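For reference, the structure is listed below as structure tokens.
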Amino acid sequence: KQADSEQQHAATQRAELEAAKRARELHEMQFEAEQKNIDQQAALDRKKMAVQAALDAESHALKVAASERRLALQELEFSQKHKHQQLADERKVEYLRALKQEGVDMTAYLCSLNGVDTRKARDPMSPRCTVPCDDEVVTPR
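So the mapping is simple: this note's numbering equals the position in the sequence shown, first residue as 1, plus 580.
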């Protein structure tokens, strides 16, 4: 009986040892799986950050390019407006020179509106022309 009892005790210990071994192996497998998941998630996060950084850089480059195009367009528009204004000013100067060459009194002409003297109707407190003039209509000669 003692031998049976020892064999039973030995079998129980082997069963307990085998169960503990399986539990340890299962725990190790779970730990390895968790570690692998953590590593994979970290790699995925790094890839996401790299892709986001590349997208941010590309977006910034596109915004800079758009700003540069807008600036170039504004410069072109300003240049065109400036040229247009210069041409208009040159035409005015040429017209006034032609009037002067025709013998028109430039002071009287510049103080008139379409050849009609406006000095009489103006407000004496805010004169447009500081040169005293007659009340006559100014016409080219």
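Just so you know, even glycine gets a beta-carbon here, dropped at the ideal spot from N, CA and C. No experiment lies behind these values; they were computed from the predicted model shown.
Status (buried if at least 16 other CB within 10 Å, exposed otherwise) for residue i
i	result
Val-717	Reliability of the predicted coordinates at Val-717 is poor, the pLDDT of 47 falling under 50, and no value is obtained from them.
Ser-585	exposed
Ser-692	buried
Ala-599	exposed
Ala-637	exposed
Ala-591	exposed
Ala-678	exposed
task: Taking only runs that begin and end inside the stretch 599 to 663, name each unbroken beta strand (DSSP E) of 3 or more residues, in chain order.
output: none
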